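The block underneath contains the structure these notes are about, expressed in structure tokens.
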Amino acid sequence: MFHHSSKMQFPVRVEKPDPEFAMLLQQAIGGVEGEIRVAMQYFFQAMGARGDARIRDLLMSTATEELGHIEMLAYAVALNLEGAPLSYQEASAKDPVVNAILGGMNPRHILSSGLSAMPVNANGMPFDMSHIYASGNVAADMLANVTAEATGRVLATRLYNMTEDKGMKDFLSFLIARDTMHQQQWLAVIEDMGGLNASLPIPNSFPQENEATEHSYYCLNTSLDKPLPKGRWSEGPSYDGKGQFTAKEKPEILGDEPLLGPARPGSGAQSEQISGTVPPSGAVK
Numbered sequence: 001m002f003h004h005s006s007k008m009q010f011p012v013r014v015e016k017p018d019p020e021f022a023m024l025l026q027q028a029i030g031g032v033e034g035e036i037r038v039a040m041q042y043f044f045q046a047m048g049a050r051g052d053a054r055i056r057d058l059l060m061s062t063a064t065e066e067l068g069h070i071e072m073l074a075y076a077v078a079l080n081l082e083g084a085p086l087s088y089q090e091a092s093a094k095d096p097v098v099n100a101i102l103g104g105m106n107p108r109h110i111l112s113s114g115l116s117a118m119p120v121n122a123n124g125m126p127f128d129m130s131h132i133y134a135s136g137n138v139a140a141d142m143l144a145n146v147t148a149e150a151t152g153r154v155l156a157t158r159l160y161n162m163t164e165d166k167g168m169k170d171f172l173s174f175l176i177a178r179d180t181m182h183q184q185q186w187l188a189v190i191e192d193m194g195g196l197n198a199s200l201p202i203p204n205s206f207p208q209e210n211e212a213t214e215h216s217y218y219c220l221n222t223s224l225d226k227p228l229p230k231g232r233w234s235e236g237p238s239y240d241g242k243g244q245f246t247a248k249e250k251p252e253i254l255g256d257e258p259l260l261g262p263a264r265p266g267s268g269a270q271s272e273q274i275s276g277t278v279p280p281s282g283a284v285k
């Protein structure tokens, strides 16, 4: 069961409405870096979590917080659409806010939502849930969550730099701070599970004797004209403590040329494909 407070987590105010900025804010709602993504990701991870109930509860609590962020952003979009034109006749009035329709406002904010937010990104594309990662493996999910919060924080900082509105900057500063915390808390979950070393390789429950470990820790150069870039990834102990990083400048060719058998009759292939015969050279002029 979920409960809702009529008051928001942080004040959301707009000093000067900006319909174009409302369109940009949509990315923080329905973009792949946005709040719908992390809310749904944490919900589905929580609903499939097995083992430590504390982690499930933390996921559920954070998912619910992200729902609150969706509401806050939707309110910010609506506030930025205050006074936006409902017709091109209004746009001709030359009011700075009204003129925004000619400078990049999303027309669907008029046509589809009546000057309010939508579950779409800045291009007007609906969020389709394809970026929800809930693997059932806690360590894998925590790393995915750190990435989600990192890209969300990048987005929020870019939005912060794209507005001069004091109210919007205050609000985005708050969201940036919460993204900082969420990055930290998911990393802290990994530490609470014994740390990154103990979690790697993910899943750490797979018997290592079933892994071709001779291929586990070398960095491979596939460039024809440049050497392998050297760094932490090419020498020294691996992060799981089970091997040593090495570098291979030339790939070892261990496999064969991929050749398929003849096509099946009735498959729509050519007769030569089905019979496996090779037409004589120069047969086609």
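If you count the sequence shown from 1, position 91 lands on 91 in the UniProt record's numbering, and the numbers rise without skipping. For every residue, glycine included, the Cβ atom is placed at its ideal position computed from N, Cα and C. Since this is a predicted model, take the numbers as computed values, not measurements.
Compute the distance between the beta-carbons of residue i and residue j, then report whether it is under 8 Å.
i	j	result
R158	I176	no
G243	P262	no
A74	A117	yes
Q208	I132	no
E149	V32	no
V120	G30	yes
A63	I55	no
L25	N80	yes
I36	I70	yes
A134	M193	no
D165	V14	yes
May I ask you to list the residues that DSSP assigns as paired with residue i?
i	result
V154	The partner list for V154 (beta bridge, DSSP) is empty, contrary to what the question assumes.
V120	P126
Could you please give the first and the last residue of the uninterrupted alpha helix (DSSP H) stretch that includes residue i?
i	result
K169	K166 to D192
Q45	E35 to M47
Determine the closest residue to residue i out of the options, with distance taken between C-alpha atoms.
i	options	result
L68	A28, E82, V32 and P107	Rather than Leu, the amino acid found at residue 68 in this sequence is Gly. Of the listed residues, the one whose Cα sits closest to G68 is A28.
S238	A247, Y217 and E252	Y217
A122	F21, H182, L228 and L115	F21
F171	N221, L111, M47 and M8	M8
G241	L220, T213 and P107	T213
Is it buried or exposed for residue i, if we count other Cβ within 10 angstroms and need 16 for buried?
i	result
H215	exposed
E272	exposed
residue 296	Beyond the ends of the chain as shown, which are 1 and 285, falls residue 296; an answer cannot be given.
M168	buried
N210	exposed
L59	buried
A78	buried
D141	buried
Establish whether the CB of residue i and some CB of chain B are separated by less than 8 Å.
i	result
E15	In the displayed structure, chain B is absent; only one protein chain is listed.
Where do the N-terminal and C-terminal ends of the beta strand (DSSP E) with residue i fall, by residue?
i	result
Y218	Y218 to L220
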